[in-house]
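Numbering (the numbering used here), first residue to last: 542 to 793.
These notes concern the structure reproduced below.
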């Protein structure tokens, strides 16, 4: 994961143009979406590059990645709608029913797109030459568990179905992209509004990576970033990832 993140950031940094303003909120969403794509499915990362060019210049891959990003955003925007408005009103009032239909269609489109990736990758794994293993992505791991010929599960093991694999990928995608991106935006916002904190953070980073700023980060390095951890925790305290967890009573 650390290697994927570093490689992706290096690739994106090379495409930054000096003097050009970047909307960080949009950029971090693109960055997180591509990290997820690379980590979960092994698909190439293309979305961050699309943040610096016009939509008319998008390649088909960029367009598909951007549409997936927008679908994730729409899914998150639909949560207050489903939580606040009773089911009866959502399905029976004309205006609300059209909004309800739009959000449900978006969720179905997300599910279908991820399921298509699952099915396509399963077919690729089944056609691999004998002795050749799949990738290290989560999708390949789940699919390998799903193929009896690949790891020969015990008789009492229940292989995962494509729909179950899709649900796992969806859960990770939906709970990781916006939550991490939003928290990082709040973190950067507060750091740059508190120069003393920024200065102390930079001093801590310099003291740990003074020998080589480009080397990979290790777990030992993370343990030494005490002030960084405190700043992140304070950001999450002020702006929690999930400020509200609604509950629903199934039995009346």
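Glycine included, C-beta positions come from ideal geometry on N, C-alpha and C.
- Counting only runs that start and end inside the stretch 647-724, the alpha helix (DSSP H) elements of at least 4 residues fall at 679-687 and 689-692.
- Here the stretch 595-615 lies against the stretch 563-576, with 3 or more beta-carbon pairs under 8 Å apart.
- Annotation for residue 779: the continuous alpha helix (DSSP H) segment containing it runs 767-779.
- Minimum Cα-Cα distance from residue 547 among the listed residues 774, 760 and 755 corresponds to 755.
- In the DSSP assignment, residue 598 falls outside any alpha helix (DSSP H), carrying neither H nor E.
- The C-alpha of residue 671 is placed about 45 Å away from the C-alpha of residue 782.
- Per DSSP, the continuous alpha helix (DSSP H) segment holding residue 749 begins and ends at 736-750.
- Counting every other CB atom within 10 Å of its CB across the protein chains shown gives residue 704 a total below 16, marking it as exposed.
- About 4 Å separates the beta carbons of residue 722 and residue 569, which is inside the 8 Å limit, making them a contact pair.
- DSSP, read as helix, strand or coil, puts residue 754 in coil.
- In this structure the stretch 702-721 touches the stretch 648-663; the number of beta carbon pairs closer than 8 Å is three or more.
- With a threshold of 16 other beta carbon atoms within 10 Å, residue 719 meets it and is buried.
- Residue 762 is positioned such that its CB atom lies closer than 9 Å to that of residue 749.
- A straight-line Cα-Cα distance of about 8 Å links residue 655 and residue 710.
- In the structure shown, residue 575 adopts helical secondary structure according to DSSP, grouped into three states.
- The beta carbon of residue 615 sits closer than 6 Å to those of 647, all from its chain and outside the five residues before and after it, given in chain order.
- In this structure, residue 628 lies away from residue 638, with their beta-carbon atoms at least 9 Å apart.
- In the structure shown, residue 791 falls within a coil segment according to DSSP collapsed to helix, strand and coil.
- Contact between residue 680 and residue 776 is absent: CB atoms are separated by about 31 Å, not below the 8 Å threshold.
- Membership of residue 634 in any alpha helix (DSSP H) is not indicated, and neither H nor E is assigned to it by DSSP.
- Annotated as distal: residue 642 and residue 612, with beta-carbon spacing of 9 Å or more.
- Taking C-alpha positions only, residue 741 is separated from residue 732 by approximately 10 Å.
- Under the three-state reduction of DSSP output, residue 615 falls in the helix class.
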